[in-house]
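In order, the protein sequences belong to chains W and Z.
For the record, in the first sequence the residue sitting at position 654 is 653 according to numbering that gives the first Met the number 0, with numbers rising by one throughout.
For the record, in the second sequence the residue sitting at position 330 is 329 according to numbering that gives the first Met the number 0, with numbers rising by one throughout.
The beta-carbon is built from N, C-alpha and C at its ideal position, and this holds for glycine as well.
Below: one structure, written as structure tokens.
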Amino acid sequence: MSVRLHRSICPFCGVGCGFYLLNVEGTIQTISKWIEHEVCEGILCPKGTYSWKLIRHPDRLKKPLLRRGDHLEEVSWHEAISAVATKIRETIKDDPHRAYFVASAKVTNEEAYLYQKFVRVVVGTNNVDHCVRLCHAATLEGLSSIFGMGVMTNPINDIENAKTIFSIGYNFGDSHPVIFRRVLQAKKNGAKVIVIDPRFNSAAKHADVHIRIWPGTDLVLLAAMINYIFLNGLWDRSFVERLSNVEALKKSVSPYTLEVAEAITKVPKRDIIEITEMVAKEVPTTFLYGMGVTQKINGTEVVRAIASLAAITGNIGRKGAGIAPARGQNNVQGACDMGCLPDRLPGYVRVGSERATEIGAFWGRDLDPLPGIYSSEVFQFAASGKIDYIHILGENPLLSESNIDVVIKGLENAFVVVQDIFLSETAELADVVLPASVWAEKDGTFTNTERRVQLIRRAIDPLPNSLPDLEIIVKIANEFGFHWSSDPSLVFEEIRKIVPFMRGISYFRLEKSPNGVIWPCEDENADGQRILYTDRFLTPDGKAHLPELKVSVASVETSKEFPFVLINGRLLTQYNTGTMSRRIPPLLAPSSKGFAEINPNDAISLGIKHGDRVRIISKIGSVETTAVLTESVPERVVFVPNHFADTPLNKLIQHSIDPISKEPQLKAIPVRIERI
Amino acid sequence: MIKKGDHYLIRSTRKNVLERSTSGGLVPELLGYLIASQRASAALCHTAEGDMIKPYFLTDQSKVCEVCGSKFIAFQNLPQIMRDSIITGQIAVVVKPCESRAVMWLKKNGIIKGDPWLIGLNCGGVLDPKEAMTILSRHGKKMGHIHHIEFQDEYLIYHFDDNSVLRVPFAESGLRDSCKRCIVPIPSNVDIGVGYWGAQGKYTYTVVISDRAEEALNEMLRLGVIEVIQADESARKLREQMIRMRIMCGEKYREMKLSLIDQVDVGEILNRCILCYECWTNCPVRTGHVPSHGTTSPVLWQIGVINYMIDKCIECGACEDSCPVNIPFELFIQKTRQIKANIEKKR
Numbered sequence: 000m001s002v003r004l005h006r007s008i009c010p011f012c013g014v015g016c017g018f019y020l021l022n023v024e025g026t027i028q029t030i031s032k033w034i035e036h037e038v039c040e041g042i043l044c045p046k047g048t049y050s051w052k053l054i055r056h057p058d059r060l061k062k063p064l065l066r067r068g069d070h071l072e073e074v075s076w077h078e079a080i081s082a083v084a085t086k087i088r089e090t091i092k093d094d095p096h097r098a099y100f101v102a103s104a105k106v107t108n109e110e111a112y113l114y115q116k117f118v119r120v121v122v123g124t125n126n127v128d129h130c131v132r133l134c135h136a137a138t139l140e141g142l143s144s145i146f147g148m149g150v151m152t153n154p155i156n157d158i159e160n161a162k163t164i165f166s167i168g169y170n171f172g173d174s175h176p177v178i179f180r181r182v183l184q185a186k187k188n189g190a191k192v193i194v195i196d197p198r199f200n201s202a203a204k205h206a207d208v209h210i211r212i213w214p215g216t217d218l219v220l221l222a223a224m225i226n227y228i229f230l231n232g233l234w235d236r237s238f239v240e241r242l243s244n245v246e247a248l249k250k251s252v253s254p255y256t257l258e259v260a261e262a263i264t265k266v267p268k269r270d271i272i273e274i275t276e277m278v279a280k281e282v283p284t285t286f287l288y289g290m291g292v293t294q295k296i297n298g299t300e301v302v303r304a305i306a307s308l309a310a311i312t313g314n315i316g317r318k319g320a321g322i323a324p325a326r327g328q329n330n331v332q333g334a335c336d337m338g339c340l341p342d343r344l345p346g347y348v349r350v351g352s353e354r355a356t357e358i359g360a361f362w363g364r365d366l367d368p369l370p371g372i373y374s375s376e377v378f379q380f381a382a383s384g385k386i387d388y389i390h391i392l393g394e395n396p397l398l399s400e401s402n403i404d405v406v407i408k409g410l411e412n413a414f415v416v417v418q419d420i421f422l423s424e425t426a427e428l429a430d431v432v433l434p435a436s437v438w439a440e441k442d443g444t445f446t447n448t449e450r451r452v453q454l455i456r457r458a459i460d461p462l463p464n465s466l467p468d469l470e471i472i473v474k475i476a477n478e479f480g481f482h483w484s485s486d487p488s489l490v491f492e493e494i495r496k497i498v499p500f501m502r503g504i505s506y507f508r509l510e511k512s513p514n515g516v517i518w519p520c521e522d523e524n525a526d527g528q529r530i531l532y533t534d535r536f537l538t539p540d541g542k543a544h545l546p547e548l549k550v551s552v553a554s555v556e557t558s559k560e561f562p563f564v565l566i567n568g569r570l571l572t573q574y575n576t577g578t579m580s581r582r583i584p585p586l587l588a589p590s591s592k593g594f595a596e597i598n599p600n601d602a603i604s605l606g607i608k609h610g611d612r613v614r615i616i617s618k619i620g621s622v623e624t625t626a627v628l629t630e631s632v633p634e635r636v637v638f639v640p641n642h643f644a645d646t647p648l649n650k651l652i653q654h655s656i657d658p659i660s661k662e663p664q665l666k667a668i669p670v671r672i673e674r675i
Numbered sequence: 000m001i002k003k004g005d006h007y008l009i010r011s012t013r014k015n016v017l018e019r020s021t022s023g024g025l026v027p028e029l030l031g032y033l034i035a036s037q038r039a040s041a042a043l044c045h046t047a048e049g050d051m052i053k054p055y056f057l058t059d060q061s062k063v064c065e066v067c068g069s070k071f072i073a074f075q076n077l078p079q080i081m082r083d084s085i086i087t088g089q090i091a092v093v094v095k096p097c098e099s100r101a102v103m104w105l106k107k108n109g110i111i112k113g114d115p116w117l118i119g120l121n122c123g124g125v126l127d128p129k130e131a132m133t134i135l136s137r138h139g140k141k142m143g144h145i146h147h148i149e150f151q152d153e154y155l156i157y158h159f160d161d162n163s164v165l166r167v168p169f170a171e172s173g174l175r176d177s178c179k180r181c182i183v184p185i186p187s188n189v190d191i192g193v194g195y196w197g198a199q200g201k202y203t204y205t206v207v208i209s210d211r212a213e214e215a216l217n218e219m220l221r222l223g224v225i226e227v228i229q230a231d232e233s234a235r236k237l238r239e240q241m242i243r244m245r246i247m248c249g250e251k252y253r254e255m256k257l258s259l260i261d262q263v264d265v266g267e268i269l270n271r272c273i274l275c276y277e278c279w280t281n282c283p284v285r286t287g288h289v290p291s292h293g294t295t296s297p298v299l300w301q302i303g304v305i306n307y308m309i310d311k312c313i314e315c316g317a318c319e320d321s322c323p324v325n326i327p328f329e330l331f332i333q334k335t336r337q338i339k340a341n342i343e344k345k346r
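Written out as structure tokens, the structure is:
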């Protein structure tokens, strides 16, 4: 009898926990703990624990599908690939910029790399992007403008060494339980935790200080904190020589006195003082943040403010300090590193730059020097008929992008190809559906939020008729005369040549090092650099370039018509649009349907009881859901989890993006609530 | 002739097995024999891979050496693997006392079918990697340097690859907390009980329990795979003394933890719960996968589960191992049992 344990990395979030998959006679039957895994130490959350149930899930796509009339029919791979290639060819002939390629934050580095290479070399456009645009695009732009790189600065387990943990717009309790574990360990070691969030969520429950900030006003709070630090001499004098532009920062925050901040943020002055003193004096301080700050039209600026706060207090480049944008997807870090971005090539090389030209030469093609369209805007373009072909790899934009009606119109106008493991809500509207293999069925690398590159090996053969995304991309490229290798280890060798910070990593090294290798790692014989910026920043002059902050409020004004503010977020047992997590019964047991958390005082004035059906209405649409009365939300704020197709939030969210990061504002939406 | 019910000192006759073993190497030889003679199609145990110890399915008799050696961090619940996976055919499992209780429960409730061979280990406890690492680093050692651990008097002794030793008092020894509270070092309902207590020199102290174990060992003896000496009075006495000592250490520590819990803010600890349900999912005696049990309150959920577990918990500590927020769940169950017993005494 053949029984084998295979090391694997969780396919859900950006923490990248390791576990073993048990393969008995060719079927994966359970997982087993990997106690020595540096990141999780054998601790998992239920998504990871049950992830194996996705592998031979009955809903797995088993054959390529082609739209004939109003339904999708099973066809052969040959027919499907032909249809795809024909349409791409047509579109290139007409105008390659009328083709769009949505990449995935779930596929391996090798697949992400080859996908963007296809877009740039075969199609000839920079029209490639992925869900980072909905999540940490603000981080990419915000942090890189100051430090030179838009990434998490310290390892996850370093959180235990912090004296103060400052968490803003982030719910580590539900989003990243394994990170939460580190926060608790820090607390045990004497750290104090500050949680800034309008809602009393599971992170706030464990905070020493919970700041119930009014939605959308984070930037004002941060500006006031920075201002307080300057006014009271609390900045780190020994660190100042590593910074430039300090005066400009100081001037830009000077209007934000405690009084001004209190009025706008609703945070009492004494609380602002308390948390500022903690951050500046009880060091080292680790700064955690998430969607609460990035999914705003001023998200990039908020990230810059957090970075500034860290920089002036000397909380960068040392143990227990640093900035932790805890990434959401198992390989969103990798998808960014591999250049699945409209304005960057692999290694964050700007399109149109000299280095970009070198990469083009290496690939054998003059590359388009102009940035492509961002995924947060493409559906607007498609809805107005400007996009003919959309290829969607492992994403569900129908539920994740703002303004569902625009997305639907865009998908209907274009020829849509979806490459996925299940028939997602987006795939139901596609013209061609290509069945992809899951993570456990292929070899490749994932990069987690702390820049750790980890190798996974095939634990089970692909479901018959599904193919690893790498092979699908290669098949399509073949149709255009490009005969690329579908061997992931060879693709990785190419990646190493182009991406300097991964040069020292190889499959050989990853095999010998089960805990992976952290980048930057340029030397095969040296360890990767776990803590960034220990002596210099990645800017040309080595200093951190502090911003002249442009402070604004990201709450769209509430009115008599829309007196409530809608915020949304994650639940522990579910994951994003639920394509995977809603298909695992134990994960649905806690909540299987959408709901809206409403403050009991508001409920009284609205005439709503716990469990009543309610309608939430915004400027552009409405959804119906069930009311849950709780004091977790302040008055005039309503919280809805973003996992359930029965409560599609993007029916309420109109298109409004941060001009720098192009990230849409998905939170702090003005709404009204009615009892049904 | 080996007889059921008797005690023996056994060791492998094969040099390559014996030198890789901490005691006599009986366990790898027995597993190898069961597979070679097709009495079992696979044996579930552990193997060491570099610094890592992980569950292992032995299916090929020629690989018995992979199974040799003391597995001092093997707190992974093998019965959990048996529970979720469908391994057809007769298998053999190497179980610690807590695991033997889990297997019993799973068999009784029809979750695992058949009658797996159970090789029961005498167990003084396994290490908590984090605790052990803290202790070792103080002495300039790493987990990878440990050859085996040994329980003696009221101490845990770390034996390192370089032949050096470290003696630590039981209560601060780096063992898992659930193990330190354990007072059942000898497994029951197993085919054969093995360990090093009572063995002087490189032998495995063996208690033959079932008919089929008697048959298998005699066959192995006949084949010349093992050497057997009857355990004499002094060996038996030594073993009994070590068992008693270990139980005493467990009782002392358990008593201390149970009374200490009266002084902590239990509500604050229970409130850490984020309802991740990992404790439930990893419990070998849980019923079904659906974990919410109709409540969204973390404290009420825990109260409900403790109530359910009051007569079912087998005190294996898997819940504590898998909790991301370090709630000592098994300890709460033990305390609740103690309170319940006190109430019942008064009737």
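One or two residues paired with residue i in a DSSP bridge
i         : result
Tyr-204/Z : Leu-8/Z, Gly-194/Z
Glu-596/W : Val-627/W, Phe-638/W
Cys-44/Z  : Tyr-55/Z
His-5/W   : Leu-20/W
Gly-119/Z : Val-94/Z, Gly-192/Z
Ser-432/W : The question names Ser, but residue 432/W in the sequence shown is Val. The partner list for Val-432/W (beta bridge, DSSP) reads Leu-64/W, Val-417/W.
Val-670/W : Phe-563/W
Glu-394/W : Per DSSP, none; premise fails for Glu-394/W.
Residue closest to residue i, alpha-carbon to alpha-carbon, out of the options
i         : options                                    : result
Gln-79/Z  : Lys-251/Z, Met-103/Z, Val-167/Z            : Met-103/Z
Lys-678/W : Trp-438/W, Lys-559/W, Lys-204/W, Pro-197/W : In this structure chain W extends from 0 to 675, so residue 678/W is not present and cannot be described.
Arg-198/W : Lys-661/W, Val-637/W, Leu-665/W            : Val-637/W
Trp-196/Z : His-138/Z, Leu-8/Z, Lys-2/Z                : Leu-8/Z
Tyr-347/W : Pro-214/W, Val-120/W, Thr-299/W, Gly-147/W : Gly-147/W
Lys-559/W : Ile-616/W, Gly-363/W, Arg-535/W            : Ile-616/W
Ile-326/Z : Val-206/Z, His-288/Z, Val-263/Z            : Val-263/Z
Gln-240/Z : Val-304/Z, Asp-152/Z, Ser-296/Z, Gln-301/Z : Asp-152/Z
Gln-328/W : Cys-9/W, Arg-181/W, Glu-400/W              : Cys-9/W
Secondary structure of residue i, DSSP reduced to three states
i         : result
Asn-15/Z  : helix
Ser-251/W : helix
Asn-160/W : helix
His-146/Z : strand
Val-324/Z : coil
Ser-99/Z  : helix
Distance between beta carbons of residue j and residue i, contact taken as under 8 Å
i         : j         : result
Ala-91/Z  : Pro-115/Z : 6 Å
Val-14/W  : Asn-447/W : 6 Å
Pro-546/W : Ser-144/W : 7 Å
Val-498/W : Pro-647/W : About 37 Å separates the two Cβ atoms, so there is no contact after all.
Should the segment 470-477 of chain W be regarded as contacting the segment 321-337 of chain W, the criterion being three or more beta carbon pairs within less than 8 Å? The segment 470-477 of chain W, when compared against the segment 321-337 of chain W, does not touch it at the 8 Å Cβ threshold.
Is it true that the segment 254-268 of chain W meets the segment 615-623 of chain W, where meeting means three or more beta-carbon pairs spaced less than 8 Å apart? By the Cβ criterion, the segment 254-268 of chain W is not in contact with the segment 615-623 of chain W, since fewer than three pairs of Cβ atoms, one from each stretch, lie closer than 8 Å.
Under 8 Å: do the segment 309-324 of chain Z and the segment 164-179 of chain Z share three or more Cβ pairs, one atom per stretch? They touch, by the three-pair rule.
With three or more beta-carbon pairs closer than 8 Å as the criterion, would you say the segment 110-125 of chain W touches the segment 293-305 of chain W? Verdict: no, contact absent.
Counting Cβ pairs closer than 8 Å, one from the segment 269-282 of chain Z and one from the segment 175-193 of chain W, do we hit at least three? Contact holds between the segment 269-282 of chain Z and the segment 175-193 of chain W, because three or more Cβ pairs, one in each stretch, are under 8 Å apart.
Segment contact flag, the segment 37-53 of chain W with the segment 476-495 of chain W, C-beta cutoff 8 Å, min 3 pairs: Not touching, per the Cβ criterion.
Segment contact, 8 Å Cβ cut-off, at least three pairs: the segment 579-596 of chain W with the segment 284-294 of chain Z: Yes, the segment 579-596 of chain W touches the segment 284-294 of chain Z.
So does the segment 650-662 of chain W actually touch the segment 287-299 of chain W, counting three or more Cβ pairs closer than 8 Å? Under the Cβ criterion (8 Å, minimum of three pairs), the segment 650-662 of chain W counts as touching the segment 287-299 of chain W.
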